[in-house]
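See below for the structure under consideration.
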Amino acid sequence: HIENFYTRCASIINFNMHLINTTLQIGLPKNKCGYHSLKENLNIKETRLSTKMINFYNDFQEHIKKRNEIIHHGFFDSELLDGITAYSSIPNLPEELFDKEHEIYSNIEKTKNIKIAVEELNTIIKRIEFHFGEILEELIQIIEQQISFFEIKENKTK
Numbered sequence: 016h017i018e019n020f021y022t023r024c025a026s027i028i029n030f031n032m033h034l035i036n037t038t039l040q041i042g043l044p045k046n047k048c049g050y051h052s053l054k055e056n057l058n059i060k061e062t063r064l065s066t067k068m069i070n071f072y073n074d075f076q077e078h079i080k081k082r083n084e085i086i087h088h089g090f091f092d093s094e095l096l097d098g099i100t101a102y103s104s105i106p107n108l109p110e111e112l113f114d115k116e117h118e119i120y121s122n123i124e125k126t127k128n129i130k131i132a133v134e135e136l137n138t139i140i141k142r143i144e145f146h147f148g149e150i151l152e153e154l155i156q157i158i159e160q161q162i163s164f165f166e167i168k169e170n171k172t173k
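Position 56 of the sequence shown, counted from 1, bears residue number 71 in this note's numbering, the numbering being contiguous throughout.
The following block contains the structure:
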């Protein structure tokens, strides 16, 4: 599931690039509509939107790298999961080697590590919401203008 989470994070960044491309009517084809193409586009280069887009992309470089490892290399190693899976990977011990205190300690540590992992994932979600909101803030005026153009045109034809 964590692999899916990182893939979705990268997809949200890609969605932002497509939203910018469509809203500003830049005209990049879907397969060319990436961060680097938009960053260099003269329509948005050195604008507040460009700055916010760059900040979003830079903040999620690590997640994009993880997504690429998952998708392109079939490889994923998450430090986030290490503290959770380490305790559950202890093989079934013979009864004479079973240590009840170790099991209790392992469960406490695992629960603590799960809480830490959930907090980190929630932090990532909040960062996505922040950056997405920043970009929408720049685009909303343009979107409203585009909508109002059609409203005005509709009223003139009546």
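Positions of the beta carbon are idealized from the N, C-alpha and C atoms, including for glycine.
- Residue range Q76 to H88 is occupied by the alpha helix (DSSP H) that includes E77.
- I35 places its beta carbon less than 8 Å from that of L53.
- With respect to K81, I150 sits apart: the two C-beta atoms are not nearer than 8 Å.
- Sequence-distant partners of G49 (beyond 5 residues in either direction) whose C-beta falls short of 8 Å from its own C-beta, in its chain, are N29 and M32.
- Scanning its chain for C-beta atoms nearer than 7 Å, with the 5 sequence neighbours on each side dropped, one finds around F75 the residues C24 and I28, in chain order.
- For I41, there is no enclosing alpha helix (DSSP H), as DSSP gives it neither H nor E.
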